[in-house]
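Notes follow once the structure below has been shown.
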Amino acid sequence: MGLESITIALDWTLNTNHTGFVVAKALGYYEKEGLQVHLIEPGVPYVPPAERVRDGSATFAVAPSETAISSRSQKDKPMLQAVAALLSEDTSAIVTLKSSGLDTPKELEGKCYASYGARYEGRIVQRLIENSGGVGSFKEVAMPAREIWDAVLKGEADATWIFLGHEGVQAEMEGVRLNVFKLSDYDIPYGFTPILVGNPETMRQRVSSMEAFFEATGRGYEYAAAHPQEAAALLVEESRGVLDKDFAVKSQEFASKHYCSASGRWGYMEPQRWQTFLEWLHDSELLTTAAPSRNPVEGTSVSLADLLSGNAGTLMELGDPRLEGLFTNEYLPDQSQA
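In terms of the UniProt record's numbering, the sequence shown opens at residue 1 and continues consecutively.
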């Protein structure tokens with residue numbers, strides 16, 4: 001009997017957030033479970049990873065929590081469900097160059113923020129500035145994802161959102177000093193990122209395969225947590241030399257500390273953390289129905305400027321049936337020990 005195929009649409013080019021998948025492939029964990037796992041990097045033209053899940057070309061997508069939440073407000077598209085956290089804690093932050101003199105979020109007032117154009121991104125940055133004492137007025141400029149970091153380094157943008165284990169490590173290696181604004185330091189209880197999302201209907205039809213996949217994937221991430229040097233070598237090999245070895249090692253040393261919970265388990269999502277983030281989105285009037293678009297269509301989507309000005313559709317209530325089943329830990333092994 002042949003191996004069962006599972007495809008993961010990655011959120012970015014191969015990096016240390018994805019190491020567990022690579023380890024599980026390289027060390028035969030997936031094959032032992034009867035699975036053949038394919039990793040799809042973003043291509044040109046860009047297709048959002050979540051769209052690959054919706055159209056059936058991927059089993060899972062790597063995405064932030066907001067992707068799962070956003071899917072619950074789009075009535076014309078299949079809802080997505082979060083099924084595992086790739087990292088146990090938030091390692092992202094809004095950053096500016098130390099040389100810019102923009103030492104607090106308040107000083108981003110009127111400045112240029114390089115945006116990925118994500119659903120809640122600009123409004124979260126707006127709240128960050130407000131919580132630092134500003135009024136939340138700034139210029140959000142959506143850019144191609146691969147150009148964003150260079151735009152900050154070149155001074156073409158003043159701030160952006162990064163993973164400290166990726167751009168943060170890169171900056172450190174290049175001697176670039178950063179001001180780091182972690183959301184939690186400004187009373188923003190950010191959710192899990194990145195996570196895996198899937199189509200709940202599809203997953204329910206393949207329960208045994210899902211459980212096998214997460215058994216193998218968990219072992220991959222737990223190996224990477226315990227053996228960062230070896231895991232980095234496997235990641236570089238999988239990238240066919242695209243990843244720089246020294247960078248991969250330093251990034252892996254950072255990431256390996258954040259894969260697993262205090263009990264040593266990977267993937268588990270604390271329900272209270274989801275609830276706290278949802279409540280914050282609701283109380284901050286961000287949990288709304290309008291979807292952002294770089295080419296908005298009236299009645300269907302709005303511009304980033306519309307979102308920042310509050311033209312974001314209607315506020316979803318926390319008891320909205322569409323939010324039921326937003327996330328699950330049911331496919332993960334040993335949940336009681338998480």
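Ideal placement from N, C-alpha and C gives every residue a C-beta, glycine not left out.
Legend entry - DSSP bridge partner residues for Thr13 (one or two, in chain order): For the purposes of this step, residue 13 is identified with residue 13 of the sequence shown, where counting begins at 1. None; Thr13 has no bridge partner.
Inset, instruction - Measure the C-alpha to C-alpha separation of Ala338 and Gly155 and round it to an integer number of angstroms. - result: The residue given as residue 338 occupies position 338 in the sequence shown. The residue given as residue 155 occupies position 155 in the sequence shown. Because Ala338 carries a pLDDT of 49, less than 50, the predicted location of this residue cannot be relied on, and the following value inherits that uncertainty. About 43 Å.
Legend entry - Met269 burial status per 10 Å Cβ neighbour count (16 or more: buried): What you label residue 269 is simply residue 269 of the sequence shown in a count that begins at 1. Classification for Met269: buried.
Legend entry - Proximity of Ala216 and Thr19 at Cβ, strictly below 8 Å: One-based indexing of the sequence shown puts residue 216 at position 216. One-based indexing of the sequence shown puts residue 19 at position 19. Cβ distance not < 8 Å, so Ala216 and Thr19 don't count as in contact.
Legend entry - Nonlocal neighbours in the same chain, by C-beta distance under 6 Å from His282, ignoring five residues either side: For the purposes of this step, residue 282 is taken as residue 282 along the sequence shown, with counting starting at 1. Only Leu318 meet the Cβ criterion.
Legend entry - Assigned secondary structure, Ala338 (DSSP; H/G/I helix, E/B strand, else coil): Stepping through the sequence shown from its first residue, residue 338 is reached at position 338. Summary for Ala338: the model assigns pLDDT 49, below 50, so the residue's position carries little reliability, and this model does not support an answer.
Legend entry - Spatial neighbours of Ala157 in its chain, beta-carbon cut-off 8 Å, leaving aside the 5 residues before and after: In the sequence shown, the residue the question calls residue 157 occupies position 157. Once the five neighbours on either side are set aside, the close Cβ partners of Ala157 are Cys112, Tyr113, Ala114, Val141, Met143, Ile148, Ala151.
Legend entry - Reduced DSSP category for Ile8 - H, G, I as helix; E, B as strand; rest coil: As a first step, residue 8 is located in the sequence shown; it is residue number 8 there, counting from the start. Of the three classes helix, strand and coil, the one that applies to Ile8 here is strand, per DSSP.
Inset, instruction - Please list, in chain order, all residues of the same chain as Arg169 whose beta carbon is under 8 Å from its beta carbon, the five residues on each side excluded. - result: Counting from 1 along the sequence shown, the entry for residue 169 is found at position 169. Before going further, note that residue 169 is Val rather than Arg in the sequence given. Phe247, Lys250, Ser251, Phe254, listed in sequence order.
Inset, instruction - Can you tell me which of Ser263, Ala159, Val47, Ala145 puts its alpha carbon nearest to the alpha carbon of Leu102? - result: On the sequence shown, residue 102 is found 102 positions in, with the first residue counted as 1. With distances taken between Cα atoms, Leu102 lies closest to Ala159.
Legend entry - Status (buried if at least 16 other CB within 10 Å, exposed otherwise) for Ser88: Within the sequence shown, numbered from 1, the residue matching residue 88 stands at position 88. By the 10 Å Cβ count, Ser88 comes out buried.
Inset, instruction - Tell me whether Ile129 sits in a helix, a strand or coil according to DSSP, three-state version. - result: Reading the sequence shown from its first residue, position 129 is the one you call residue 129. DSSP places Ile129 in helix when its eight states are reduced to three.
Legend entry - Proximity below 8 Å, CB of Leu14 to CB of Ser239: One-based indexing of the sequence shown puts residue 14 at position 14. One-based indexing of the sequence shown puts residue 239 at position 239. For Leu14 and Ser239, yes; Cβs fall inside 8 Å.
Legend entry - Burial state of Leu196, where buried means 16 or more other Cβ atoms lie within 10 Å: Translated into positions along the sequence shown, residue 196 becomes position 196. Result: buried.
Legend entry - Alpha carbon of Pro105 to alpha carbon of Leu128, nearest angstrom: Taking the sequence shown and counting its residues from 1, the one referred to as residue 105 is at position 105. Taking the sequence shown and counting its residues from 1, the one referred to as residue 128 is at position 128. So the two alpha carbons sit approximately 7 Å from each other.
Inset, instruction - Using beta-carbon positions only, say whether Tyr221 and Ser132 come within less than 8 Å of one another. - result: Translated into the one-based positions of the sequence shown, residue 221 becomes position 221. Translated into the one-based positions of the sequence shown, residue 132 becomes position 132. Not in contact: Tyr221 and Ser132 (Cβ atoms no closer than 8 Å).
Legend entry - Delimiting residues of the beta strand (DSSP E) encompassing Thr96: As a first step, residue 96 must be located in the sequence shown, where it is residue number 96. Unbroken beta strand (DSSP E) run through Thr96: 92-97.
Inset, instruction - Determine, using beta carbons only, whether residue 344 and Arg123 come nearer to each other than 8 Å. - result: Residue 344 is absent from the structure shown; the chain starts at 1 and stops at 338.
Legend entry - C-beta neighbour in chain B for Gly28, strict 8 Å: Given the protein chain composition of this structure (a single chain), no chain B is represented.
Inset, instruction - Indicate whether Lys257 and Leu178 have their beta-carbon atoms separated by less than 8 Å. - result: By 1-based counting over the sequence shown, the position of residue 257 is 257. By 1-based counting over the sequence shown, the position of residue 178 is 178. Contact: no.
Inset, instruction - Look at the alpha carbon of Arg206 and the alpha carbon of Phe277, and state the distance between them as a whole number of angstroms. - result: In the sequence shown, residue 206 corresponds to position 206, counting from 1. In the sequence shown, residue 277 corresponds to position 277, counting from 1. So the two alpha carbons sit approximately 29 Å from each other.
Inset, instruction - Mark Met173 as exposed unless 16 or more other C-beta atoms lie within 10 angstroms of its C-beta, in which case mark it buried. - result: On the sequence shown, position 173 is the one that residue 173 refers to. Counting Cβ neighbours within 10 Å, Met173 comes out exposed, since fewer than 16 surround it.
Inset, instruction - Measure the Cβ-Cβ separation of Leu326 and Gln74 and say whether it is below 8 Å. - result: Here residue 326 refers to the residue found at position 326 when the sequence shown is read from its first residue. Here residue 74 refers to the residue found at position 74 when the sequence shown is read from its first residue. With contacts defined as CB atoms closer than 8 Å, Leu326 and Gln74 fail to qualify as a contacting pair.
Inset, instruction - Output the distance between the C-alpha atoms of Val95 and Ser65, rounded to the nearest integer angstrom. - result: Counted from its first residue, the sequence shown places residue 95 at position 95. Counted from its first residue, the sequence shown places residue 65 at position 65. Rounded to whole angstroms, Val95 to Ser65 spans 20 Å at the Cα level.
Inset, instruction - Please name the residue, chosen from Tyr116, Ser208, Glu109, Glu31, that lies closest to Trp12 on a Cα-to-Cα basis. - result: Here residue 12 refers to the residue found at position 12 when the sequence shown is read from its first residue. Among Tyr116, Ser208, Glu109, Glu31, the Cα nearest to that of Trp12 is on Tyr116.
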